[in-house]
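Q: Dumping the structure here so I can ask a few things about it.
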Amino acid sequence: LKHEGEKLITTHCSYCGMQCGMHIRVSEKTGKIKGVEPRYDWPVTLGKLCPKGVTAYQQIDHPDRIKRPLIKKKGRFVESSWEEALSLIEKKFTELQDKHGKDSLSVFGGVSMTNEKCYLVGKYARVALGTRFLDYNGRFCMSSAAGGFMKTFGMDRGSTLPWTELEHSDCFLIAGSNTAECHPTSIQMFWKARDKGAKMIVVDPRETPTARIADVHLDLLPGTDSALANGLLHLLIKEDFVDKEYVENRCNNFEELKASVEPFTPEYTSQLTGVDKNKIIKAARIYGSSPRSVVMFARGVEQQSKGVDNVTLYTSLALLRGQIGKFASGVATFTGQGNGQGGREHGQKSDLLPGYRKITDPEAVKYISGVWGIDPEEMPKAGVSAFEMFDEIHKGTIRAMHVVCSNPAVSAPDAEYVWEAFKKLDFLVVNDFFLSETAEFADVVLPTTTWAEDEGTTTNLEGRVIRIRKSIEPLHESKTDWQIFKEIAARLGKGKHFDYSSPREIFEEFRLATKGGKADYSGITYERIDKEDGVFWPCPSEDHPGTPTVFKETFATPNGKANLPAVSWQEPDETPSEEFPIRLTTGRVVFHYLSGNQTRRIDFLMEQCPVPFAEMHPELASRYNMQDGEKIRVTTPRSTMELEVRLTKATRNDIIFVPYHWGKELAVNKLTNAALDPTSRMPEFKVCAARIEKL
Ligand code: SF4
13 LKHEGEKLIT THCSYCGMQC GMHIRVSEKT GKIKGVEPRY DWPVTLGKLC PKGVTAYQQI
73 DHPDRIKRPL IKKKGRFVES SWEEALSLIE KKFTELQDKH GKDSLSVFGG VSMTNEKCYL
133 VGKYARVALG TRFLDYNGRF CMSSAAGGFM KTFGMDRGST LPWTELEHSD CFLIAGSNTA
193 ECHPTSIQMF WKARDKGAKM IVVDPRETPT ARIADVHLDL LPGTDSALAN GLLHLLIKED
253 FVDKEYVENR CNNFEELKAS VEPFTPEYTS QLTGVDKNKI IKAARIYGSS PRSVVMFARG
313 VEQQSKGVDN VTLYTSLALL RGQIGKFASG VATFTGQGNG QGGREHGQKS DLLPGYRKIT
373 DPEAVKYISG VWGIDPEEMP KAGVSAFEMF DEIHKGTIRA MHVVCSNPAV SAPDAEYVWE
433 AFKKLDFLVV NDFFLSETAE FADVVLPTTT WAEDEGTTTN LEGRVIRIRK SIEPLHESKT
493 DWQIFKEIAA RLGKGKHFDY SSPREIFEEF RLATKGGKAD YSGITYERID KEDGVFWPCP
553 SEDHPGTPTV FKETFATPNG KANLPAVSWQ EPDETPSEEF PIRLTTGRVV FHYLSGNQTR
613 RIDFLMEQCP VPFAEMHPEL ASRYNMQDGE KIRVTTPRST MELEVRLTKA TRNDIIFVPY
673 HWGKELAVNK LTNAALDPTS RMPEFKVCAA RIEKL
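Every position in the sequence shown, counted from 1, becomes a number in full-length UniProt numbering once 12 is added.
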């Protein structure tokens, strides 16, 4: 692996929640990064990297890096010194809070950062700025999974089992995840299991590369997951696949669930979902008869206005089969962002404090105030969710925003509404290393380091806490996000609360802040992570082994039993009409990561997929006399855009699919619906009504 004249820095990929193990190759002579090598001894991904991971290093010394702070003057960005940029931020933040109160400021965080930085985002908002308006981009990503797991298990850990056990499973039910494109390196685990006879059921409106390798593909109409899951639950009960002893001893609410799923016969479920009833029966029998099964889902299920309901119903399948807390069995969500798990646990959510503590709990406020050295009275109250912060800007409550490691101008739904909100702000600060579409709206852009220029920890999609190691010193004049928070806090008179000199110091405080919380990291140290190749939370003491499998004995609910919520079927917020007769759904392609701010700058990735497209079935296209490669207009009640048609029989004939990795006129999120789930406040990205016209 080692190349002559180079050293290898052991770390993990910067992108998705797989956090594949890799080494960064650094020239011993020049100190420059030369490339990456996969880490064959990383137990989860065993030397596999996807096209994004292989090229991730190219963002580090990319010519598009923002080299110095930028200040917008007369509509144009001008390079400035840090002193000038930070003085301007201090002046504007102070003026706005003096005039409009503490809550006139807001922070929009992200989870493609280390735990240390994610933790500090919350502290920065609540202690340095003193505002209640704080939320983050995970609200658009994993919040429905989190809400569903809290309802069923009383605790939100994205996977109930370590993924090294997947190869020993007998059956995978994968819903709303194009795993082969979005988490490609996990596919080898499914193949290993399939070589031993494991079955695979895939739920997706499209015959994705993942669905193509399934034993049963349930090609449901977007937005009908809860009907399908109710139908599968109905069959598990009716065909006697329920583990009665497990349900009796470990679950609440079985009788209510049983009554609620009673109407969901295969015929009725087929009618609602558009899936052939024989396929539904086949899937239920395969899943129901498998001794070790894993239910896995992702944004297709979660990014709906009933996302939490969907998650609880799919999770109930595993509970009825007695699959939680056992070897090679369980439930997992495919976490989108690199630190989607850790980043959501430690206080970036409007209603949470570190350790998954609720900000409405006076004891939690008292404990965290003690760790932070503030009076509990100073702790701001709960704010609003990510999308609702844009409503607050439109109302004039929020006057300034500090966006950290996030690009909501591309990733938020109803994007033009969001762009208008950015224009209305009195002051916008963005931390980023590339000039994202969000940064283009900013008054000040602060250049940050990439993942290779700082150290810290992340938590992968299993719940395993791992080390990100520094490969090179910060390039240009960039600073780490934690240094930026420290400097702004000092200027606002809160410096004593941010007196850190390294990520390790932040981690030590962070451990204390999590102690006693549901997401307890207090027994995890950098040394343990190095020695044990990661430590699973909860880990409440240094002699605790960590928890690869959760809920072995008990759940985190008040009576220790898992809940089986009875959930009635409801249509999506927007259904087809005469004016908008088809359903639009969105998703990802293998070559791009989320808003595309990083991957759209990598030549190889752009060559593979330079622009978005409208994927549709030839039968649907023929109804409109559309041909492959032609331009069409797609319109929803919110906006309109032009796209190129890509014909494929691998999608339902009553929907169109568009990937969402582009901004401005190429942003499909101009079209998507911001109807929010009542619990998770997740927008309904995955289904809205649309009209298509040939141009
Ligand atoms: Fe692995 Fe995800 Fe990075 Fe691809 S993007 S290499 S799957 S962590």
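Even for Gly, the Cβ is constructed at its ideal location relative to N, Cα and C.
Considering only the alpha carbon of each residue, which of T42, L58, K41 and G43 lies closest to E49?
A: Ranking T42, L58, K41 and G43 by Cα distance to E49 puts L58 first.
Q: Quick one: is the Cβ of Q353 within less than 7 Å of any heavy atom of the ligand SF4?
A: Q353: no, Cβ never under 7 Å from the ligand SF4.
Q: When we look at the beta-carbon of D115 and count the other beta-carbons within 10 Å, is it buried (16 or more) or exposed?
A: So D115 counts as buried.
Q: Quickly, what does DSSP pair I83 with across the bridge? List them, please.
A: DSSP lists V90 and V456 as partners of I83.
Q: Straight-line CA distance for L13 to G47?
A: Those two C-alpha atoms are separated by around 12 Å.
Q: For the beta strand (DSSP E) that F592 lies in, which residues bound it at each end?
A: First-last for F592: undefined, no H or E at that position.
Q: Give the straight-line distance between the Cα atoms of C417 and I72, rounded to the nearest whole angstrom.
A: Distance between the alpha carbons of C417 and I72: 15 Å.
Q: Just the C-alpha distance for T345 and D466, rounded to the nearest angstrom, thanks.
A: Approximately 28 Å, taken between the alpha carbons.
Q: Hey, T23 and M34: beta-carbon distance below 8 Å or not?
A: Taking 8 Å as the Cβ cut-off, T23 and M34 qualify as a contacting pair.
Q: Contact between the segment 233 to 250 and the segment 198 to 212 is defined here as three or more beta-carbon pairs at a separation below 8 Å; is this criterion met?
A: No, because fewer than three Cβ pairs between the segment 233 to 250 and the segment 198 to 212 fall closer than 8 Å, the two stretches do not touch.
Q: With a threshold of 6 Å on Cβ separation, who are the neighbours of P486 within its own chain once the five nearest residues in sequence on each side are excluded?
A: Cβ neighbours of P486 beyond the five flanking positions: T461 and E465.
Q: If you check the beta carbons only, do A433 and S118 fall under 8 Å apart?
A: No.
Q: Pick from I541, F399, V457 and W431: whose alpha carbon is nearest that of T469?
A: Out of I541, F399, V457 and W431, I541 has the C-alpha closest to the C-alpha of T469.
Q: Determine, using beta-carbon pairs with one atom in the segment 327 to 345 and one in the segment 585 to 599, whether at least three such pairs fall under 8 Å.
A: No: fewer than three Cβ pairs fall under 8 Å.
Q: Within its chain, find whatever has a CB closer than 6 Å to the CB of H180; leave out the 5 residues flanking it on each side and keep chain order.
A: Excluding sequence neighbours, H180 sits near A340.
Q: With DSSP run on the structure shown, which of helix, strand or coil describes M167?
A: Three-state DSSP puts M167 in coil, outside helix and strand.
Q: Pick from K491, V547 and E193: whose alpha carbon is nearest that of E474?
A: Comparing Cα-Cα distances from E474 to each of K491, V547 and E193, the minimum goes to V547.
Q: Three Cβ pairs or more, each shorter than 8 Å: is that satisfied between the segment 353 to 366 and the segment 287 to 306?
A: These segments do not touch.
Q: Could you spell out the range, first to last residue, of the alpha helix (DSSP H) harbouring Y52?
A: Run containing Y52: none; DSSP gives neither H nor E here.
Q: Going by C-alpha to C-alpha distance, which of P196, L247 and K527 sits closest to G382?
A: Selected option, being the one with the closest Cα: K527.
Q: N127: which of I480, D252 and P196 sits nearest, CA to CA?
A: Looking at the Cα atoms, I480 is the closest of the given residues.
Q: If we ignore side chains and look at the alpha-carbon of each, how far apart do V623 and D640 end up?
A: Spanning the two alpha carbons is a distance of roughly 15 Å.
Q: Rounded to whole angstroms, what is the Cα-Cα separation between W581 and F165?
A: The straight-line gap from Cα to Cα measures roughly 22 Å.
Q: Would F567 be called buried (16 or more neighbouring beta carbons within 10 Å of its own) or exposed?
A: When all chains shown are included, F567 counts as buried.
Q: Do E705 and I667 come within 8 Å of each other at the CB atom, strictly closer than that value?
A: No, the Cβ-Cβ distance between I667 and E705 is not below 8 Å.
Q: Tell me whether V457 is buried or exposed, calling it buried when 16 or more other Cβ atoms sit within 10 Å of its Cβ.
A: Answer is buried; the Cβ neighbour count reaches 16.
Q: Using the Cα positions of D444 and I78, report the straight-line distance between them to the nearest angstrom.
A: In a straight line, the C-alpha of D444 is about 8 Å away from that of I78.
Q: Among K498, N609 and Q283, which has the Cα closest to the Cα of G675?
A: Of the candidates K498, N609 and Q283, the one whose C-alpha sits nearest the C-alpha of G675 is N609.
Q: Ignoring anything shorter than 4 residues, give me the alpha helix (DSSP H) runs that lie fully in the segment 301 to 354, in order along the chain.
A: Runs of the alpha helix (DSSP H) inside the segment 301 to 354: 311 to 314 and 319 to 332.
Q: Count the other CB atoms, across all protein chains shown, that sit within 10 Å of the CB of A578; report buried if there are 16 or more and exposed otherwise.
A: That one is buried.
Q: Evaluate the contact criterion for the segment 209 to 222 versus the segment 245 to 262: three or more CB pairs, one atom per stretch, below 8 Å.
A: As far as the Cβ criterion goes, the segment 209 to 222 does not touch the segment 245 to 262, which means the pair count is below three.
Q: Is it buried or exposed, N571, if we count other Cβ atoms within 10 angstroms and call 16 or more buried?
A: N571 should be labelled exposed.
Q: Hey, how far is the Cα of V562 from the Cα of W175?
A: So the alpha carbons of these two residues sit roughly 13 Å apart.
Q: By Cβ distance, which residues of its chain are closer than 8 Å to M308, with the 5 residues on each side in sequence left out?
A: Counting only Cβ-Cβ distances below 8 Å, and skipping sequence neighbours, we find F184, L185, I186, A187, S189, T191, V343, A344, T345 and F346.
Q: Measuring CB to CB, does L20 end up less than 8 Å from R37?
A: Yes. Within cutoff.
Q: Which same chain residues end up closer than 7 Å to W463 when comparing Cβ atoms and leaving out the 5 residues on each side of it in sequence?
A: Same-chain partners within the cutoff: S26 and I480.
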